[in-house]
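Chemist:
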Ligand code: GDP
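In my numbering, the protein residues as written are 21 to 219.
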């Protein structure tokens with residue numbers, strides 16, 4: 021997919037105020053500092069579309085962008101940052117939950133995880149929640165440039181093994197790096213293909 025345009029539309033905390041056009045929607049989420057803003061900027065080729073976090077975890081906003089006039093890209097709040105209030109830290113906020121449950125046109129959620137880390141409890145719990153609520157998702161490993169390819173494949177194998185303890189099928193997994201643009205084509209092609217199946 022070629023990105024011809026990427027425009028910011030609205031930020032809010034209320035799912036009812038999200039844009040009303042019935043376009044396919046792809047949302048990005050992960051623990052604070054996972055590299056979500058960097059990935060969004062890399063995918064859209066707009067270096068400042070999503071704000072690279074200065075104070076991670078503080079903003080609990082649902083940010084809508086429209087891409088090529090055809091689909092929505094949503095930057096969701098990060099979860100699990102230790103310095104935010106206990107209520108927010110206890111998993112993921114009400115803002116996130118109500119968005120995930122109520123946004124009917126959510127086509128696929130991209131769950132970002134840091135390639136360097138072993139499976140994190142919070143991410144596992146989050147994906148469990150997605151499964152229980154039948155929310156379609158894929159996983160994106162971020163910051164792949166920070167490890168060697170053999171370390172990457174070792175981590176990937178371990179990650180899959182952990183997931184298979186509770187999941188019968190694995191979700192699709194992408195490997196990405198905002199600095200090298202690794203994964204860009206795969207992710208955009210996935211969105212393009214999914215759009216072509218539903219539009
Ligand atoms: P967010 O809080 O999830 O939106 O994360 P950011 O996009 O703000 O990134 C957090 C930090 O990780 C920043 O210092 C980024 O420069 C860095 N970062 C993000 N993606 C990558 C990547 O692919 N490679 C490397 N080396 N650093 C990254």
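Quick reminder that beta carbons are idealized off the backbone N, C-alpha and C, glycines included.
When the distance is taken between beta carbons, is residue 90 closer than 8 Å to residue 59?
Modeler: As a position in the chain shown, residue 59 is number 39, starting the count at 1. As a position in the chain shown, residue 90 is number 70, starting the count at 1. Their beta carbons are not under 8 Å apart, which means residue 59 does not touch residue 90 by this criterion.
Chemist: Rounded to a whole number of angstroms, what is the C-alpha to C-alpha distance between residue 129 and residue 156?
Modeler: As a working note, residue 129 is residue 109 in the chain shown. As a working note, residue 156 is residue 136 in the chain shown. Rounded to the nearest angstrom, the two C-alpha atoms are 6 Å apart.
Chemist: List the DSSP bridge partners of residue 87.
Modeler: Looking up residue 87 in the chain shown gives position 67. In DSSP, residue 87 forms a bridge with 26 and 91.
Chemist: Name the two residues that bound the continuous beta strand (DSSP E) containing residue 50.
Modeler: Locating residue 50 in the chain shown gives position 30, where the first residue counts as 1. Here the beta strand (DSSP E) through residue 50 covers 45-50.
Chemist: Count the other CB atoms within 10 Å of the CB of residue 83; is the residue buried (16 or more) or exposed (fewer)?
Modeler: Mapped onto the chain shown, residue 83 falls at position 63. So residue 83 ends up on the buried side.
Chemist: Thinking just about the alpha-carbon of each residue, which of 125, 182 and 173 is nearest to the one in residue 147?
Modeler: The residue you call residue 147 lines up with position 127 of the chain shown. Ranking 125, 182 and 173 by Cα distance to residue 147 puts 182 first.
Chemist: So, is residue 74 buried or exposed, given that buried needs 16 or more other C-beta atoms within 10 angstroms?
Modeler: Residue numbering aside, residue 74 sits at position 54 when the chain shown is read from its first letter. For residue 74, the pLDDT reaches just 49, beneath the cut-off of 50, and the residue's location in the model is therefore unreliable, although a value from the coordinates is still provided. Its Cβ having fewer than 16 others within 10 Å, residue 74 is exposed.
Chemist: Counting C-beta neighbours from all protein chains within 10 Å, is the total for residue 152 16 or more, i.e. buried, or is it exposed?
Modeler: Here residue 152 refers to the residue found at position 132 when the chain shown is read from its first residue. Under this definition residue 152 is an exposed residue.
Chemist: For residue 208, I'd like the list of residues in its chain whose CB is within less than 7 Å of its CB, leaving aside the five on either flank, ordered along the chain.
Modeler: As a first step, residue 208 must be located in the chain shown, where it is residue number 188. Here the set comprises 21 and 63.
Chemist: How would you label residue 162, buried or exposed, when you count the other beta carbons within 10 angstroms and need 16 or more for buried?
Modeler: Locating residue 162 in the chain shown gives position 142, counting from the first residue. Label assigned to residue 162: buried.
Chemist: Taking all protein chains shown into account, do 16 or more other C-beta atoms lie within 10 angstroms of the C-beta of residue 205, making it buried, or fewer, making it exposed?
Modeler: By 1-based counting over the chain shown, the position of residue 205 is 185. Burial call: exposed.
Chemist: Which of helix, strand or coil does DSSP assign to residue 57?
Modeler: As a working mapping, residue 57 is identified with position 37 in the chain shown. Residue state, collapsed to three classes: helix.
Chemist: Are three or more beta carbon pairs between the stretch 161-176 and the stretch 92-99 nearer than 8 Å?
Modeler: In short, these stretches do not touch, since the Cβ pair count stays below three.
Chemist: So residue 50 and residue 131 are in contact, right, with Cβ under 8 Å, and what is the actual spacing, rounded?
Modeler: Reading the chain shown from its first residue, position 30 is the one you call residue 50. Reading the chain shown from its first residue, position 111 is the one you call residue 131. The pair is a contact, with the Cβ atoms about 6 Å apart (cut-off 8 Å).
Chemist: Does any heavy atom of ligand 1 sit closer than 7 Å to the C-beta of residue 165?
Modeler: For this step, residue 165 is matched to residue 145 along the chain shown. Checking every heavy atom of ligand 1 against the Cβ of residue 165, one is found closer than 7 Å.
Chemist: Between which two residues does the beta strand (DSSP E) carrying residue 177 extend?
Modeler: By 1-based counting over the chain shown, the position of residue 177 is 157. Note, residue 177: premise wrong, no beta strand (DSSP E); alpha helix (DSSP H) at 169-183.
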